[in-house]
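In my numbering, the protein residues as written are 26 to 392.
Below is one structure; the comments refer to it alone.
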Amino acid sequence: MNKSLVTLLDLKAQYESISNEIDEVVLAVIRGGQFIGGDAVTNFEQRFANFADCKFGIGVGNATDGLEIALRSLRLPQGSEVLVPAFTFIGSSEAVTSAGLKIRFVDVDEYMTISVESMRRNYNPNCSTILVVHLYGQPCDMNPIMQFAKEKNLRVIEDCAQAHGAKYLGKSLGSFGDLGVFSFYPGKNLGAYGDGGIITTNNSDLALKCRMFANHGRISKYEHEFEGRNSRLDTLQAAILNVKLNHLTNWMQRRDAIVKLYLEKIEVSEKFQVLPRRDSCTHGNHLFVIKTENRNQLVAFLDAQGIQTGIHYPSALTLLPPYLEDHKQYTETFNANSYGEKVLSIPAHEMMTNEQAQLVINSLNSY
Ligand SMILES: *Cc1c(COP(=O)(O)O)cnc(C)c1O
């Protein structure tokens, strides 16, 4: 492997571009001596909720916990089923099982988001909830999804782990369903310097339930109304996220500019296809993904030119050991099952220069 000229992500360069601000707030937290809760957390929760067009934000330890806590706050019948897309990160489905619920997988459409047709086919009366995932930052088709939810009286949770700032018909993701969950894993578009996540909602009851679940079921220090758990956003991480949130819109614009350049200049080829983008939506541009039949060859070709690539993800969930046996019972053949062999993520991050973007374009066009 060459030393890459263009990496999938450059967190070091990102830090260097804001190091003065970051160093100052990190030191301030340490010197202040408050490490759980406090103003940094409260400010960030409110600011991020505003950013996602929601009234409430509840910081949590990570998005996998956030999804579980969001599901628990709905007080769903134990063992009821949650419709989950077959192609996503395993955190989406793990949360369903940890919340005492059952996963019902659904195929994905050509945008790699949950297929409304497959959802209708896989629905049964034991289903209580739809968990949509805005994969790669691509908004799910929320209007028909919300309509189906209404028709069948289903709750909706949005996994927005990859979709900070993305919008569907002008409305922020994380504000459509009962609850939304965002991740601040370092590599996400808004990343902490460790784990972190937030639950967003417009429902004050659910907001309170989530806050209590995430903090030992309590309303004050030793008043525990029920058994919860411990999953909070650290003060240090909140202080860092407060700084980074100020830069997020600029970073998103930069990602968008790179993607625009790609869409304009990458020539259509039989050897690979760029994923389609949903009309009238703002893509979160977490990942720029292409599909190719001969992935190993393309990976080696790009690597030789100093371009790093990634695979998100090498397998549909339905083919992974925890789910494979159950999935064999399904009558529907999922398109998602073949995508793990085809998808390839190409660098498109906020720290890239135009020259780096041009190198990626030239390389793909000469493949
Ligand atoms: C990253 C991610 C998660 C899990 O987020 P964590 O904060 O790492 O727990 C869940 N779902 C999707 C789609 C993700 O990309």
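Every residue gets a Cβ at the ideal spot worked out from N, C-alpha and C, and that includes glycine.
No experiment lies behind these values; they were computed from the predicted model shown.
Could you give the uninterrupted runs of the alpha helix (DSSP H) lying entirely in the region 258–305, keeping only those of 4 residues or more?
260–290
Note down, in chain order, each residue of its chain lying with its Cβ closer than 8 angstroms to the Cβ of L126, except the 5 sequence neighbours on either side.
Counting only residues of its own chain and dropping the five nearest sequence neighbours on each side, L126 has a CB closer than 8 angstroms to the CB of L96, L101, Q103, G104, S105, E106, V107, S153 and T154.
Check whether the Cβ of L261 lies closer than 7 angstroms to any heavy atom of ligand 1, and answer yes or no.
no
From which residue to which residue does the alpha helix (DSSP H) around I47 run?
L36 to G57
How many angstroms separate the CA atom of N240 from the CA atom of E289?
48 angstroms
R320 by DSSP, collapsed to three states: which one?
helix
Helix, strand or coil for K196, going by three-state DSSP, please let me know.
strand
Counting only beta-carbon separations shorter than 8 angstroms, does I115 have a partner in chain D?
Chain labels in this structure do not include chain D; a single protein chain is all it has.
Please confirm whether any heavy atom of ligand 1 lies closer than 7 angstroms to the CB of Q210.
Just to set this straight, residue 210 is Tyr in the shown sequence, not Gln. Flag set: Cβ of Y210 near ligand 1.
Quick one: does the C-beta of K353 sit closer than 7 angstroms to a heavy atom of ligand 1?
no
If you follow the alpha helix (DSSP H) that P346 is part of, which residue opens it and which one closes it?
P346 to H352
I'd like to confirm the pairing. Which residues does DSSP put opposite K240 in its beta bridges?
Checking the sequence shown, residue 240 turns out to be Asn, not Lys. N255.
Who are the Cβ neighbours of R465 in its own chain at under 6 angstroms, not counting the five residues just before and after it?
In the structure as shown, the chain begins at 26 and stops at 392. Residue 465 is therefore absent and cannot be evaluated.
Would L369 and I336 be called neighbours here (beta carbons separated by less than 8 angstroms)?
yes
If I measure Cβ to Cβ from K80 and keep anything under 6 angstroms in the same chain, skipping five residues before and after, which residues do I get?
N227
Over the uninterrupted alpha helix (DSSP H) stretch that includes L99, give me the two end residues.
No alpha helix (DSSP H) holds L99; DSSP gives it neither H nor E.
To which residues of the same chain is N27 closer than 6 angstroms at the C-beta, ignoring the five residues directly before and after it?
For N27, the predicted model reports a pLDDT of 49, less than 50, meaning its position is unreliable and no value from the coordinates is stated.
Just the Cα atoms here: how many angstroms apart are F201 and S245?
One Cα belongs to F201, the other to S245, and the distance between them is close to 30 angstroms.
F69 and L344 - do their beta-carbons sit closer together than 8 angstroms?
no
Considering Cα atoms alone, identify which of H189, H159, A191 and N151 is closest to I182.
H159
I need the DSSP call for M26, collapsed to helix, strand or coil.
With a pLDDT of 46 at M26, under the threshold of 50, the predicted position of this residue should be treated as unreliable, though the coordinate-derived value follows. The three-state secondary structure of M26, taken from DSSP, is coil.
Output the distance between the C-alpha atoms of L92 and E318, rounded to the nearest integer angstrom.
33 angstroms
Closest to C165 by C-alpha separation, out of G365, R302 and I47, would be which residue?
R302
Just to check, is the beta-carbon of K80 closer than 7 angstroms to a non-hydrogen atom of ligand 2?
Within the structure as shown, ligand 2 is missing, the only ligands being ligand 1.
Please return the same chain residues whose Cβ sits closer than 8 angstroms to the Cβ of I386, not counting the five positions on each side in sequence.
Correct list, in chain order: L286, Y287, K290 and I291.
Find the nearest neighbour of V206 within the set A188, A282 and Y364, judged by alpha-carbon distance.
A188
If you measure from the CB of L204, is any heavy atom of ligand 1 nearer than 7 angstroms?
no
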